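To start, the structure itself, in structure tokens.
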Amino acid sequence: MALPRSVCVRLCLAIPLVLALLTVSSLPATAQADLIASDALLIDRPNDDGTALLLTFAAETETPESTFVSPEVLVEGEWLPGSYRARKLVTVPSQADFPEYFGWYPTTPDHYVLTVDRYMTWVEPTAEELQDDPTLTASWEPAAFEPGETHEVRLVVGMGTDGQERVVQRLEAGSATTHEEWFNRAAANNLVLCALFAIIIMGFILAARRNPNLFIRRIQGLEAVDEAIGRATEMGKPILHLNGLDPLSTLSTIAAVNILGRIARRVANYDSTLLVPCFDPVVMTVSQEVVKNAYIEAGRPDAYREDNIYFLTDQQFSYVASVCGIMVRQRPAANFMLGYFYAESLVLAETGYTTGAIQIAGTDALAQLPFFITTCDYTLIGEELYAASAYLSREPMLLGSLKGQDVGKAFVMVMVIVGSILATVGVYLAQAGVESQIDWVWLSHMLTPLT
Amino acid sequence: MDRLASIILNLDRRIIYFIVFLCVLIPLLHPLQLPFTPTQEVRDAFNDIEALEPGNVVMISCDFGPSTIPENYTMLQALLHQCFRKDLRVIALTLVPAGAALGSRGLREAAEFEDTQGNRLYPDLEYGRDYVYLGYKPGGTAVMLSIGQSFTDAFPRDHENRVTSDLPIFKEITALADCSYIFDVASVGYPEYWVSYASERENVPLSVNCTAVSAAQYYPYYASRQFRGLVGGMKGAAEYEDLVGMEAIIGRIPDATKGMDAQSAVHLFIVLAIIIANILYIRQGRQEQRPEVIS
Amino acid sequence: MSVATLLGIWIAAALTFMIFSFLYKDNPVYKLGEHIFLGISLGYGWCIYYWNDIFSNAIAPLVYPEEGDARNWILIIPIVLGAFILLRVIPRFAWLSRYSFALLIAGYAGLAVPNEIAGRFLPQLVATMAPFGPTWVHAVTQLVLLVGVFCTVVFFFFSLEHRGAVGQIGRVGVVFIMVAFGAAFGYTVMARVSLLIGRFQFLLYDWIGSMTG
Amino acid sequence: MQFFKRQLPILLAFCVGLVLWAQYYSPSSLAQNLQQSFTAWAIILTGAALILGILSAIHHHWSKVSTQKPGYGYSLITLFCFSFVVLAGWFPSEPIAFGLLSRQYFISAVFVILGIILTVRYIPSVKANRASANHALGIMAALFGVVGITGLVVVVPLQRYLFTGLTIKENSLFDWVFQNMFVPLDATMFSLLAFYIASAAFRAFRARSFEATALLISGCIVMIGRVPLGEQLSFAIAGTDISFASVASWILNNPNAAAQRGILLGVLLSMVAISLRIIFGIERTYMGGAD
């Protein structure tokens, strides 16, 4: 059947109208014979802002594809439609779909649930509006429920094809009052976890302020850094350091600058040349500061050359072209590519590889990591970059935060193992037909967010 | 042999570029039309949309820019044709600035599509009632949360400056929860935020078409059913075109499907290059291979 | 085909070749294309930000309210805060922008904490806590998933030295990570090739097509 | 003053962050309204921040031009393209009383007049041979003049005779510039990478370690398995034909999903940790400035 679209839409809109009109005439007694729905019950939707009720009902029909349901609301003695269109029974969710309202094990899991949060009123355009726009027609306008309202609702069941169903049953569901809540109990697990995590992070940051020597494991890439600098010095070649393309506010850029400080100190000791072409003027200024301090700390302020840390351009591919030019012309023996990189990572790493330099990369740009791993001698992967920076700088904020996240990771490790084992036991006991009073997936249920 | 190896490993890059050029050009001129079957990830997305009822609303976020047109725009077309054919209504918007003009063009192209005889394919489609294009808003997650409460508050005017509260579709559809499906056509990281800030909050299922760059990263979401379907890159778009039957709708082979042979050819070339170069590299002994620094 | 369309196709083709010239080497023609792109994207951004955001969300409800709607005076606050952000260009008043950024960034952060935990962290965690079974296919799938997630998390766990058993688990984690990065690598190659195919399709069908009719 | 410059913004950040965090747990209408106002404001403020980005880019190129740094010609082109697009798309149409075209004529004319005034002021300094001191003035004069004349001679006539749409709508000059200039430039720039990947495949992707080997093998399987070719190529294991496509599919859905999930959980934890640091005023880099 290929009805024109506009007809379809109009028919869809007309369903509630038809339903509403039919309610005026009393139901023939014969309709009671093919009774489909039963046990209709109206309750307030828990944990909400007081704008909706839930209508639950059981329904049995051999033709769920051609059974339609919709709510009706009693307003000033008149039954008005509670939705724009009737819903096909197969698309109506059941109580088992709403653990946040009915718990994980509802007593009647297969009862259907309709949300009732409005009623429709038939609004004719006023004379004034018609004067402005004569094409206006009457239409259904929704009126939303407010907190603290009591509504009487009934369920209307129709059968037939979409847009042409006839009403076969009306079922009173009683009345209920909407209630506005201040706390969503279904989100309690979230609150507890977030609060705990906040306390742990803050606690570790405070602890790191008192004792900046909290343990962090060795990061292998950092040892490779010293090796690369040594090799470059032996060969009398410069060392190239890139800070990535992101501004200073990004974590990985901060990490790159922190590691630059360490590299600069080594370079100052060995008396080799350190080149830092920059993409961002602010990062350039900070890099100059960091390198200068490193040279001073190493007792070699005279060896510091500000001209070696310079701004190139802020155009992605022009920057790449210029850096590749430096790699080909000046032949640095060690390339450090740390920070956030985009698509250009591939070109940089390839050129660096073909010039024979030792390359050490580190980024949290997941999409670029594969290119670094295949072309560089050592790669700091994702969070390893942050860890390296915390390890070197001993900054309480970075260090404490890293330790706090480790607690979070430990939580993940324990939960996935315990949860899987519990669930497995449950499945095999059920398969073996052992009746058990224990809910074996309680851990998953406890952690599932229900909002 | 060693000379051959060093010639191959030090092939001038322009020769390699030329081979790539040929690998793309020849299959486009003389297509082989290698057959392919849609993967489960794509089928899931397609079946979900197919299972919606006429009149249901699909919210499509066009979060892509010009640089991924071959991957995303073709998919957007296939998706829109599927929606319009099934009498689904569409609310489209974008969270990336460059997507504003692309989304507008994409929606117009599908809605006003004319067959070879010049007849409109969907003559009854009406802007504002059956589909609407809201345009761009900055803020990403703020926009998602905002449409979670009201479309017309977040988007007081649509892309072409019409007042949205006057449009008929928003009389019935006030917020995201009234939509039946979210489809994110994205080149950037937004699909993950659509999960946390929209799909999970409002309980609306979400499927994603993403650029192939991020496709591998999104598999955990597909595994946890937070993405109901995952259409990755131009291959995914081609599969979707196949499922929708775009060839019959537009009367020619659609773009993504057409590009598949070239895709196969270039991939084959790159894989062969990696294998040959690595065999030579291992043969020569890994340590020696490091190109000597020319002093 | 209208004059504007035909002109557009030719300009687009010319710009495409300008960028392709970078393949030979970095050259002034490429640089020209790059700077045209920059200028256009800045201008495009300006217009889109204005029309789609500043005008429709801030100016219109305040200055041109809908008939029957009151002016939304409260919008003065975000407009003033937005002006503070723009004042960052004047060093003397740059500190005013801190209020705007404090509101904006801290607000996003406040929303992120519960939403990311509920929207992604917990669902991903719970999805990993599945049973090994009942069929052997399920068991193998779940085993791979559990081992992969566990070992990967161990690799990124920095409070234990990677020695002994932890070292071994971390090593398994690395294998999983590398297989995943390999998949990402393959897919990234696919994406870049797709973009090239897209440009070729434009040149072949639109540009050459416009010449042959 | 220190209090207003330093402490008060941090206090504001703390209050805003905490309130928006807390409202998540409350379904009440008050909490909903709080969130709705914040998102409405955030949309406007983010727009302002993006415009700030544009302003600083313009300023960067402007200073390059006015101090005649090397390559300032390119910056001039950038500025010119910027003004062209802004003239085409920004000046308001229907909601404003003026018509679109008269607006553009008006603005362009103002620019031309500004250019003339600046030029008139510039000429004496050239005559007095103080040109170097007043380069900025001269360039400003030239720029306003060029933009204004472009507006009058190019943008307005183009919009009048070639395009039917106004401002950013379909069939407008703005839309035309986007489709025929923005799109090809952006798309082509990233398509260059296909060539680079091919060349890197020859020269740089090496199975140099166990990790890199695992990566390359899985990468090649996915590359072949995810194109139509992969369905044609298969190999036999224990008598059953296994295609590259099915192996690639298995890799993506199992080990890949597992490792990506492990990485994702770590990333999410660090994301929440950063958010907490921002709320509690420990992380302040976003505020900028030293004092």
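Protein chains in written order, with our numbering: chain A, 60 to 510; chain B, 1350 to 1644; chain C, 330 to 542; chain D, 468 to 758. C-beta: ideal position from N, C-alpha, C; glycine also. Quantities reported herein were computed from a predicted structural model and do not represent experimental measurements.
Could you tell me if Met358(A) is buried or exposed, where buried requires 16 or more neighbouring beta carbons within 10 angstroms of its beta carbon? The sequence given here has Gly at residue 358(A), not Met. Result: exposed.
Residues in its own chain within less than 7 Å of Asp1436(B) by CB, not counting five upstream and five downstream? Pro1403, Gly1404
Where Ile1628(B) falls, given that 16 or more other Cβ within 10 Å makes a residue buried: exposed
From Ala507(D), Ala726(D), Ile525(D), Leu485(D), residue whose alpha carbon lies closest to that of Arg500(C): Ala726(D)
Using a Cβ-Cβ cut-off of 7 Å, state whether Leu696(D) counts as contacting chain B. yes
Could you name the residues of chain C that Tyr1485(B) contacts, counting a contact when the two beta carbons are closer than 8 Å? Ile377, Asn381, Asp382
Please check if any C-beta of chain D sits within less than 7 Å of the C-beta of Ile385(A). no
Nearest chain C C-beta to Ala600(D) closer than 7 Å, yes or no? Reliability of the predicted coordinates at Ala600(D) is poor, the pLDDT of 49 falling under 50, and no value is obtained from them.
Is Gln1612(B) close to chain C? Criterion is C-beta to C-beta, closer than 7 Å. yes
Opposite Gln418(A) in the DSSP bridges: which residues? Asn394(A)
Return the chain-ordered list of same chain residues with a C-beta closer than 7 Å to the C-beta of Ser1644(B), the five sequence neighbours on each side being excluded. Annotation note: pLDDT 33 at Ser1644(B) (below 50); position unreliable, coordinate value reported separately. Cβ neighbours of Ser1644(B) beyond the five flanking positions: none.
Flag Glu1399(B) as yes if its beta-carbon sits less than 7 Å from any beta-carbon of chain A, otherwise no. no
Cβ neighbour criterion (16 or more within 10 Å) applied to Pro152(A): exposed
Taking the alpha-carbon positions, what's the Tyr1542(B) to Thr1490(B) distance? 7 Å
Along the segment 349–372 of chain C, what residues have a CB closer than 9 Å to any CB found in chain B? Leu352, Tyr353, Ser370
Going by alpha carbons, who is nearest to Phe785(D) out of Ser1355(B), Tyr1570(B), Ile1624(B), Val1445(B)? Outside the shown range of chain D, which is 468 to 758, sits residue 785(D), and nothing can be said about it.
Out of Met468(D), Leu546(D), Tyr492(D), Arg670(D), which has the shortest C-alpha to C-alpha gap to Trp241(A)? Tyr492(D)
What does the Cβ neighbour count give for Thr1423(B), buried or exposed, with the cut at 16 atoms within 10 Å? buried
Can you name the start and end residues of the alpha helix (DSSP H) that Cys480(C) belongs to? 465–484
What did DSSP end up calling Leu173(A) once you bin it into helix, strand or coil? strand
Glu239(A) (DSSP reduced to helix, strand or coil): strand
Quick one: residues in its chain with C-beta nearer than 6 Å to the C-beta of Asn1359(B), no 5 flanking neighbours on either side, listed in chain order? none
For Leu397(A) and Ala267(A), believed in contact at Cβ under 8 Å, the rounded distance: Contact doesn't hold; Cβ gap of about 23 Å is too wide.
Backbone secondary structure at Pro140(A) - three-state DSSP: strand
Could you list which residues in chain C have their beta carbon closer than 9 Å to that of Gly485(A), in chain order? Pro460
DSSP beta-bridge partners of Tyr20(A): Residue 20(A) cannot be examined here, being either before or after the span of chain A that is shown, 60 to 510.
Ile498(C) versus Val500(A): straight-line alpha-carbon distance, rounded: 27 Å
Applying the 10 Å Cβ sphere with the 16-neighbour rule, what's the burial state of Arg1434(B)? exposed
Contact criterion: CB-CB distance below 7 Å. Does Ala520(C) meet it with respect to chain B? yes
Same chain, Cβ closer than 8 Å to Ala513(C), neighbours up to 5 away in sequence not counted: none
Through-space distance from Leu352(C) to Phe346(C), alpha-carbon basis: 10 Å
Using a cut-off of 9 Å between C-beta atoms, extract the partners of Ala389(C) located in chain B. Pro1505, Arg1506, Asn1510, Val1512
Proximal residues to Tyr160(A) (C-beta, below 7 Å), its chain only, five neighbours per side dropped: Arg104, Pro105, Leu113
Pull out every residue of the segment 1444–1456 of chain B whose Cβ sits closer than 9 Å to any Cβ of chain D, in chain order. Pro1446, Ala1447, Ala1449, Ala1450, Leu1451, Ser1453, Arg1454
Short CB-CB distance (under 7 Å) between Leu405(A) and chain D: yes
Select from Phe1504(B), Tyr1485(B), Pro1419(B) the residue whose C-alpha is nearest the C-alpha of Leu525(C). Pro1419(B)
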